[in-house]
Amino acid sequence: MEQSAPEAARRFSIRRLWPLAILALGFGLFFALGLHRYVTLDTLRDNRQALTQWVEANRLWAIVVYMGLYALMVAFSLPGALVATLTGGFLFGAVLGGAATVVAATAGATVLFIAAKSALGDLLRAKAGSAVARMEEGFRANAFSYLLFLRLVPAFPFWLVNLAPAFLGVRLSTFVGATFIGIVPGTFVFASLGAGLGAVFERGEEPNLGLIFEPRVILPILALALLSLVPALYRRFRKP
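Numbered continuously in the UniProt record's numbering, the sequence shown closes out at residue 240.
Structure below.
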């Protein structure tokens, strides 16, 4: 049984903030230790031979390590997910690399969602006004469609789409399902691009990271995004 807004506000404890505090600490350490300087395509280019040899010798372990690091990157909202996705495609191929990335990204996003929801979700809803409460009710009624749209359109920050549903009372199952399905198209586009990086590096060229915005790629994804809104629009405009 869910708590009422006033009751949730009264029972809020600072101890509930520890999951977010850990994530914030990890985010700060990432930059303080200078790790962000290594999450680049130059790092991948310079170490591609050693990485490829290690993956060939330890394929299963390499996939586990890659997925774990990717999930941590998403959970801590660290920059570099694009480079990591390209790396997955480069090391494991478009299909396996894309699949591993989708699972890892969904897992990391879920960790952040749960941390935010358990720490601040009840408190923010308790402090919100009636207008926000009505918006929350409307969002939850069509949460899967809205989330799927936000995941499909490559214009919304991934970390923001992880946090906002946590503060709007979205169910965990809805969040996980919409995230998993919604990130598939874009992830496989970049994993496929990553799978061809070897030849690009050998030629001394730079990969075309704007590929996803080319009409032949972005238009089908946008069409899927618009289709994802059809159920929500139907429920909104259907006759009572």
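Backbone N, C-alpha and C define an ideal beta-carbon position, used for all residues, glycine too. Because the structure is a prediction, the values reported are computed rather than measured.
For this session: Give me the Cβ distance between Phe190 and Leu82, rounded to the nearest whole Å; I'm assuming they're in contact under 8 angstroms.
Result: Counting from one through the sequence shown, the residue named residue 190 turns up at place 190. Counting from one through the sequence shown, the residue named residue 82 turns up at place 82. Contact flag correct, Cβ pair sits at about 6 angstroms.
Exercise. Roughly how many angstroms separate the alpha carbons of Thr52 and Leu91, rounded to a whole number?
Worked result: Residue mapping note: residue 52 aligns to position 52 of the sequence shown, counting from 1. Residue mapping note: residue 91 aligns to position 91 of the sequence shown, counting from 1. Going from the Cα of Thr52 to the Cα of Leu91 covers about 6 angstroms.
Exercise. Considering only the beta carbon of each residue, do Ala75 and Val102 sit closer than 8 angstroms?
Worked result: One-based indexing of the sequence shown puts residue 75 at position 75. One-based indexing of the sequence shown puts residue 102 at position 102. Remark: C-beta atoms of Ala75 and Val102 do not approach each other more closely than 8 angstroms.
Problem set entry | Asn162: first and last residue of the uninterrupted alpha helix (DSSP H) it sits in | In the sequence shown, residue 162 corresponds to position 162, counting from 1. Where Asn162 is concerned, the enclosing alpha helix (DSSP H) stretches over Phe158 to Phe167.
For this session: Taking only the alpha-carbon atoms, compute the straight-line gap between Ala24 and Leu17 and give it to the nearest angstrom.
Result: Translated into the one-based positions of the sequence shown, residue 24 becomes position 24. Translated into the one-based positions of the sequence shown, residue 17 becomes position 17. Roughly 10 angstroms separates the two Cα atoms.
Exercise. From Lys117, Leu222 and Val39, pick the residue whose C-alpha is nearest to that of Ala155; which is it?
Worked result: On the sequence shown, residue 155 is found 155 positions in, with the first residue counted as 1. Checking every option, the nearest Cα to that of Ala155 belongs to Leu222.
For this session: Check each candidate in Phe27, Leu44 and Val64 and name the one with the smallest Cα separation from Gly194.
Result: The count along the sequence shown starts at 1 and reaches residue 194 at position 194. Per the Cα distances, Leu44.
Exercise. How would you call Ile218, buried or exposed, if buried means at least 16 neighbouring beta carbons within 10 angstroms?
Worked result: Taking the sequence shown and counting its residues from 1, the one referred to as residue 218 is at position 218. Buried: at least 16 other Cβ atoms inside 10 Å.
For this session: Indicate the three-state DSSP secondary structure (helix, strand or coil) for Val74 in the structure shown.
Result: Taking the sequence shown and counting its residues from 1, the one referred to as residue 74 is at position 74. In this structure, DSSP gives Val74 a helical state, which the three-state scheme calls helix.
Exercise. What do you reckon, are the CB atoms on Phe188 and Gly88 nearer than 8 angstroms?
Worked result: As a working note, residue 188 is residue 188 in the sequence shown. As a working note, residue 88 is residue 88 in the sequence shown. No, the Cβ-Cβ distance between Phe188 and Gly88 is not below 8 angstroms.
Exercise. Using DSSP with H/G/I as helix, E/B as strand and the rest coil, what is Arg203?
Worked result: The count along the sequence shown starts at 1 and reaches residue 203 at position 203. In this structure, Arg203 counts as coil in the three-state DSSP scheme.
For this session: Please work out which residues of its chain come closer than 8 angstroms, Cβ to Cβ, to Phe27, disregarding the five sequence neighbours upstream and downstream, and give them in chain order.
Result: As a first step, residue 27 is located in the sequence shown; it is residue number 27 there, counting from the start. For Phe27, where only same-chain residues beyond five positions count, the Cβ hits under 8 angstroms are Phe76, Ser77 and Leu78.
For this session: Just confirm the distance between the C-beta atoms of Phe175 and Phe113, as a whole number of angstroms; I'd bet it's less than 8 angstroms.
Result: For the purposes of this step, residue 175 is taken as the residue at position 175 of the sequence shown. For the purposes of this step, residue 113 is taken as the residue at position 113 of the sequence shown. About 5 angstroms separates the two Cβ atoms, so the contact holds.
Exercise. Within 10 angstroms of its Cβ, does Met67 collect 16 or more other Cβ (buried), or is it exposed?
Worked result: The residue given as residue 67 occupies position 67 in the sequence shown. Classification of Met67: buried, given that the 10 Å Cβ count is 16 or more.
For this session: Return yes when the Cβ of Ala225 is within less than 8 angstroms of the Cβ of Leu147, no when it is not.
Result: Here residue 147 corresponds to residue number 147 of the sequence shown, with the count starting at 1. Here residue 225 corresponds to residue number 225 of the sequence shown, with the count starting at 1. Their beta carbons are not under 8 angstroms apart, which means Leu147 does not touch Ala225 by this criterion.
Exercise. Under three-state DSSP, which class holds Gly196?
Worked result: Stepping through the sequence shown from its first residue, residue 196 is reached at position 196. Gly196: coil per DSSP, three-state reduction.
Exercise. CA-CA distance, Leu209 and Ala57?
Worked result: Against the sequence shown, residue 209 aligns to sequence position 209. Against the sequence shown, residue 57 aligns to sequence position 57. About 29 angstroms.
For this session: Taking residue 241 as part of the alpha helix (DSSP H), name the residues at either end of that continuous run.
Result: The structure shown does not extend to residue 241, since the chain is modelled only from 1 through 240, so no value can be given for it.
Exercise. Can you name, in chain order, every residue of its own chain whose Cβ lies under 6 angstroms from the Cβ of Val39, other than the five neighbours on each side?
Worked result: Here residue 39 corresponds to residue number 39 of the sequence shown, with the count starting at 1. These residues qualify, in order along the chain: Gly80 and Val83.
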